[in-house]
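In the order they appear, the protein sequences are chains U and F. Quick note: the first sequence uses the working numbering, first residue 1, plus one each step. Quick note: the second sequence uses the working numbering, first residue 1001, plus one each step. Glycine included, every Cβ here is placed at the ideal spot set by N, Cα and C. Keep in mind it's a predicted model, so treat the numbers as computed, not measured.
Protein chains: 2
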Amino acid sequence: MARIKDVAAQAGVSVATVSRVLNDNPSVTEETRNRVHDAMAALNYRPNAVARSLRTEATRTLGLIIGDILNPFFAELARAVEDEARAAGYTVIIGNADERADQQDHYVRTLLERRVDGLLICPTAEVTPLVEEVSRGERPLVFLDRTLSGIEVPSVRADGSTAIAELVAHLRALGHRRIAFVSGPSTLSTGRERTEAFLRAAAEHGLEIPQEYVRVGDFRAGSGQRITSELLDLPEPPQAIFLGDNLMALGALDAISERGLEIPRDVALASFDDVPWFNHVHPRITAISQPTAELGRRAVRVILDVLTGRAAESVVLPARLVARESCGETGTRKEGGS
Amino acid sequence: MARIKDVAAQAGVSVATVSRVLNDNPSVTEETRNRVHDAMAALNYRPNAVARSLRTEATRTLGLIIGDILNPFFAELARAVEDEARAAGYTVIIGNADERADQQDHYVRTLLERRVDGLLICPTAEVTPLVEEVSRGERPLVFLDRTLSGIEVPSVRADGSTAIAELVAHLRALGHRRIAFVSGPSTLSTGRERTEAFLRAAAEHGLEIPQEYVRVGDFRAGSGQRITSELLDLPEPPQAIFLGDNLMALGALDAISERGLEIPRDVALASFDDVPWFNHVHPRITAISQPTAELGRRAVRVILDVLTGRAAESVVLPARLVARESCGETGTRKEGGS
DNA sequence: TACGCTCATGTAACCGATTACATGGAGGTC
DNA sequence: GACCTCCATGTAATCGGTTACATGAGCGTA
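Structure (structure tokens):
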């Protein structure tokens, strides 16, 4: 594979000049520049980014660690991060933590060794010593979607409280009083916050939520199914079930159809996290939609701010209710957009 | 950030010895090894993979270029590739070509500059000069999911012909004779092959498929919706519609419910590409399931074979029919697994 | 003509690892 | 005790770029 030295020889200039051409240094004559370009084409030269990174101490690479790429929420997040990064000339390495702290740490370690310029992490529940260490400034770090209490790092996330309040109002307006909520692990900021927002909203509407209606899942389909089954088997089952993420909603659909029940006639269903197919099935599923792509884009901008020495500010964007038919027919269909 | 030189000084040895410890070279004394480990811990040393790669000419990184991470099929593929690569000590850089040749080439270029050890590509329709050039041996290359005619490269893909024949038989058994097929672009091997398999199977069942029932989509939701609408508006609409991928099936669902039609009573629906939610909606959607994760894993193994100088053989795995209820009730439910 | 300034280009150190080869001490053999 | 072997460790070149600094050609001015 041709090196800069070969190009220099071919063009009859020094390696410094070739390097200048590569980096668009204006002090190179038009004529020399052309000779160098010709030489590069003739040799099919491809600059070695590894060598360049070693010297410049910059890889133009960002690391992104997400929960699971199979979750459409994270897929959309990853897609947005990649698009925005590419626009800025950066490459992204994605790591699937699979919601496991050890695997998250594996990627943190690998990405640090590869000297990524910055790290975007959707942290798992536990604060690991490694993440704690990195947060003290070893590399630029931004938390995405979730935060970790006790760790001071800029973060980009959605706030669902207003939307959750709207959802409770929506359910209330449709006549539902017995509402259950299946949250994510309480160790995750997203799990905790959604639970609190739900209980607050319920209280404001004068709804009494018995303890057995507030359940803790793990943001995976299996727990959604199991917990929904348990809820439906209660002596007094809830009239509406609100799942804390789209995967648990998937599981809930199973539990409901297993029992031969129909949505929304027999039980109402809503989900945090809107995903495309919610809008294409029957009945279409009411959900709280996060500005997922925008979160990804903003996260990239925040970390680029850190990289360029600008002040990095945390970002909180509002989620919004997308009322469809899975909680009952409202007559005036509020919104259907996907 | 501590370098190998600092570790050497701290441990009172030379950089060569530290390097030997890093690479598990057995010729280092137990005692020296411990001293070096202590020094690394004390300095919080992280080996610089960039420097290592420059010297060893290996990055232990694979590049993966897919159509779109938002498509669950590609997400699952990417996930499997990453898992298998991680198990072998490799990192994966994923590029979203967004089904555009120019963006595919952008990633090919970037990944080559970063000196990935191998390239896994789900090629877009066109044969670009760049891909053609790489295929001549510049870097190990394996095609995934799709192939490109005229380019000799090991490939890993699924063969759907048997499953498509089964699907046609299934539809036939349920009484459907007028079956439409919406394929992908004919420039893609997956588009062509599925169309041919469908027409062959239909002919074998003595079904006459009018030309207007065989349509070309673009593997995106919009075209599925548009084409399904057109099919349903025909003077003699099809009794069953078979979509060439899951996104077009999503669009078809819209077109059908827009018209107030019900599946499978008014029209039967089937899709190539099984995705998790097909099994959780009502009616559950009949689909042809590809061994997606296995494709991803095998692709990694093939490219590792190339890297280690072993003979690399192309892999073709069979897809299979997962008959559910969207084509009509069979009485004996054939299979429901997800 | 001599001097100085500008500017395109060249020379060489450097980034942080790996590794071929050199070195020298310990232990064995006669 | 001389010599050889083995083996743990050290020295220094190397990977392919970038860039601070040196150089010298060309030109203007007095």
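Discussion item. Any beta carbon of chain U sitting closer than 8 Å to that of A1039 of chain F?
Written reply: For the purposes of this step, residue 1039 of chain F is taken as residue 39 along the second sequence, with counting starting at 1. False, the Cβ-Cβ gap to chain U never drops below 8 Å.
Worksheet item: When you compare only the Cα positions, how much space is there between I1121 of chain F and V1300 of chain F?
Response: Against the second sequence, residue 1121 of chain F aligns to sequence position 121. Against the second sequence, residue 1300 of chain F aligns to sequence position 300. Using only the alpha carbons, I get a separation of about 11 Å.
Discussion item. By alpha-carbon positions, which one of U:T195, U:R52 and U:A180 ends up nearest to S186 of chain U?
Written reply: On the first sequence, position 186 is the one that residue 186 of chain U refers to. When only C-alpha atoms are compared, the closest one is U:T195.
Worksheet entry | Option in F:A1249, F:P1154 and F:P1283 with minimal Cα separation from E258 of chain U | Counting from 1 along the first sequence, the entry for residue 258 of chain U is found at position 258. Selected option, being the one with the closest Cα: F:P1283.
Worksheet entry | the region 1049-1061 of chain F touching the region 1081-1099 of chain F, judged by at least three CB pairs closer than 8 Å | The region 1049-1061 of chain F, when compared against the region 1081-1099 of chain F, does touch it at the 8 Å Cβ threshold.
Fill in: Chain-ordered residues of the region 74-93 of chain U with a beta carbon less than 8 Å from chain F
Of all residues in the region 74-93 of chain U, only A75, E76, A78, R79, E82, D83, R86, T91, V92 and I93 come within less than 8 Å of chain F when Cβ atoms are compared, listed by chain position.
Worksheet item: Can you list the residues of chain F that T59 of chain U reaches, using a CB-CB cut of under 9 Å?
Response: Your numbering for residue 59 of chain U matches position 59 in the first sequence. V1050 and R1114, listed in chain order.
Discussion item. Closest to E204 of chain U by C-alpha separation, out of U:E99, U:G244, U:L144 and U:S161, would be which residue?
Written reply: By one-based count along the first sequence, residue 204 of chain U stands at place 204. Among U:E99, U:G244, U:L144 and U:S161, the Cα nearest to that of E204 of chain U belongs to U:S161.
Worksheet item: Is the CB of D254 of chain U under 8 Å away from at least one CB in chain F?
Response: Residue 254 of chain U sits at position 254 when you count from the first residue of the first sequence. Answer yes: the Cβ-Cβ gap between D254 of chain U and chain F drops below 8 Å somewhere.
Worksheet entry | DSSP state of G1296 of chain F mapped onto helix, strand, coil | Taking the first residue of the second sequence as 1, we reach residue 1296 of chain F at position 296. Looking at G1296 of chain F - three-state DSSP - the assignment turns out to be helix.
Worksheet entry | For T1056 of chain F, the nearest candidate out of F:R1177, F:N1023, F:T1017 and F:G1184 (CA to CA) | Here residue 1056 of chain F is taken as the residue at index 56 of the second sequence, counted from 1. Looking at the Cα atoms, F:N1023 is the closest of the given residues.
Worksheet item: So, is the C-beta of I1227 of chain F closer than 8 Å to a C-beta in chain U?
Response: Within the second sequence, numbered from 1, the residue matching residue 1227 of chain F stands at position 227. No, I1227 of chain F does not count as interfacial toward chain U.
Discussion item. List, in chain order, every chain F residue whose beta-carbon is nearer than 7 Å to that of R46 of chain U.
Written reply: Taking the first sequence and counting its residues from 1, the one referred to as residue 46 of chain U is at position 46. The answer, in chain order, is L1112 and E1113.
Discussion item. If we define contact as Cβ-Cβ less than 8 Å, is N96 of chain U a contact residue for chain F?
Written reply: Counting from 1 along the first sequence, the entry for residue 96 of chain U is found at position 96. Yes, its Cβ sits closer than 8 Å to a Cβ of chain F.
Discussion item. Can you confirm whether I65 of chain U, when its beta carbon is compared against all beta carbons of chain F, has any partner nearer than 8 Å?
Written reply: Along the first sequence, read from residue 1 onward, the residue named residue 65 of chain U stands at position 65. So no, I65 of chain U is outside the interface.
Worksheet item: From F:M1248, F:W1277, F:D1218 and F:D1233, pick the residue whose C-alpha is nearest to that of N246 of chain U; which is it?
Response: Here residue 246 of chain U refers to the residue found at position 246 of the first sequence. For N246 of chain U, the closest alpha carbon among the candidates F:M1248, F:W1277, F:D1218 and F:D1233 is that of F:W1277.
Item to complete: Could you tell me whether any Cβ in chain F is nearer than 8 Å to the Cβ of I209 of chain U?
Response: Counting from one through the first sequence, the residue named residue 209 of chain U turns up at place 209. No, I209 of chain U does not count as interfacial toward chain F.
Practice prompt. Please list, in chain order, all residues of the same chain as T147 of chain U whose beta carbon is under 7 Å from its beta carbon, the five residues on each side excluded.
Written response: Counting from 1 along the first sequence, the entry for residue 147 of chain U is found at position 147. Shown here for T147 of chain U: same chain residues with a beta carbon closer than 7 Å to its own, the five before and five after excluded, namely S155, R157 and S189 in chain order.
Fill in: Beta-carbon separation (whole angstroms), Q1239 of chain F vs H1176 of chain F, contact threshold 8 Å
Numbered from its first residue, the second sequence carries residue 1239 of chain F at position 239. Numbered from its first residue, the second sequence carries residue 1176 of chain F at position 176. Right, their Cβ atoms sit about 4 Å apart.
Practice prompt. Name the residue from U:G12, U:T128, U:L253 and U:D159 whose alpha carbon lies nearest to the alpha carbon of L317 of chain U.
Written response: The count along the first sequence starts at 1 and reaches residue 317 of chain U at position 317. Nearest option by C-alpha distance: U:D159.
Practice prompt. Report the residue ranges of all alpha helix (DSSP H) runs contained in full by the region 104-171 of chain U; include only those spanning at least 4 residues, in chain order.
Written response: 129-133
Discussion item. Assuming A1246 of chain F is part of the alpha helix (DSSP H), what are its boundary residues?
Written reply: Against the second sequence, residue 1246 of chain F aligns to sequence position 246. Before going on, a small fix: residue 1246 of chain F reads as Asn here, not Ala. N1246 of chain F -> alpha helix (DSSP H) spans N1246 to E1258.
Worksheet item: Checking contacts by CB at 8 Å: is L1250 of chain F closer than that to chain U?
Response: Stepping through the second sequence from its first residue, residue 1250 of chain F is reached at position 250. True, the Cβ-Cβ gap to chain U drops below 8 Å.
Practice prompt. Using a Cβ-Cβ cut-off of 8 Å, state whether K1334 of chain F counts as contacting chain U.
Written response: Position 334 of the second sequence, counting from 1, holds the residue named residue 1334 of chain F. Any answer about K1334 of chain F is weak, because its pLDDT of 41 lies below 50 and its placement is not dependable; what the coordinates show is given next. Judged by the 8 Å Cβ criterion, K1334 of chain F is not in contact with chain U.
Discussion item. Can you confirm whether the region 1100-1118 of chain F touches the region 1131-1138 of chain F when touching is taken to mean that 3 or more C-beta pairs between the two stretches lie within less than 8 Å?
Written reply: Yes: at least three Cβ pairs fall under 8 Å.
Worksheet item: Rounded to the nearest angstrom, how far is the Cβ of F1198 of chain F from that of I1164 of chain F, given a contact under 8 Å?
Response: Taking the first residue of the second sequence as 1, we reach residue 1198 of chain F at position 198. Taking the first residue of the second sequence as 1, we reach residue 1164 of chain F at position 164. With a Cβ gap of about 5 Å, F1198 of chain F and I1164 of chain F count as contacting.
Discussion item. Please tell me whether V281 of chain U has its Cβ less than 8 Å away from any Cβ of chain F.
Written reply: By one-based count along the first sequence, residue 281 of chain U stands at place 281. Taking Cβ atoms only, chain F reaches closer than 8 Å to V281 of chain U, which makes this a yes.
Worksheet item: How should A1078 of chain F be labelled, buried or exposed, when 16 other C-beta atoms within 10 angstroms of its C-beta is the threshold for buried?
Response: Taking the first residue of the second sequence as position 1, residue 1078 of chain F is located at position 78. A1078 of chain F should be labelled buried.
Item to complete: Return the Cβ separation of V302 of chain U and V322 of chain U in integer angstroms, given the expectation that the two are a contact with Cβ distance under 8 Å.
Response: The residue labelled residue 302 of chain U in the question sits at position 302 within the first sequence. The residue labelled residue 322 of chain U in the question sits at position 322 within the first sequence. Going by Cβ atoms, the distance from V302 of chain U to V322 of chain U rounds to 26 Å, so no, they are not a contact pair.
Worksheet entry | First through last residue of the alpha helix (DSSP H) which encompasses A344 of chain U | For chain U, the structure presents residues 1 to 338; residue 344 of chain U sits outside this window and is missing.
Worksheet item: What residues of chain U sit near L1054 of chain F, judged by a beta carbon separation below 7 Å?
Response: Position 54 of the second sequence, counting from 1, holds the residue named residue 1054 of chain F. Simply V50, A51 and L54.
Fill in: Where S135 of chain U meets chain F, residues with beta-carbon distance less than 8 Å
In the first sequence, residue 135 of chain U corresponds to position 135, counting from 1. Result: empty, since nearest Cβ-Cβ is about 14 Å, beyond 8 Å.
Item to complete: Note down, in chain order, every chain F residue with its Cβ under 9 Å from the Cβ of I69 of chain U.
Response: Taking the first residue of the first sequence as position 1, residue 69 of chain U is located at position 69. Under the 9 Å cutoff, chain F gives I1069, A1075, E1076, A1078, R1079, E1082 and I1094.
Discussion item. Using DSSP's beta-bridge definition, name the partner residues of G95 of chain U.
Written reply: Position 95 of the first sequence holds residue 95 of chain U. U:I65.
Discussion item. Quick check on the DSSP output: what are the complete alpha helix (DSSP H) runs of length 4 or more inside the region 1006-1079 of chain F, in order along the chain?
Written reply: 1015-1022, 1030-1043 and 1049-1056
Worksheet item: What does DSSP give as the partner residues of T1286 of chain F in its beta bridges?
Response: Along the second sequence, one-based indexing puts residue 1286 of chain F at 286. In DSSP, T1286 of chain F forms a bridge with F:A1270.
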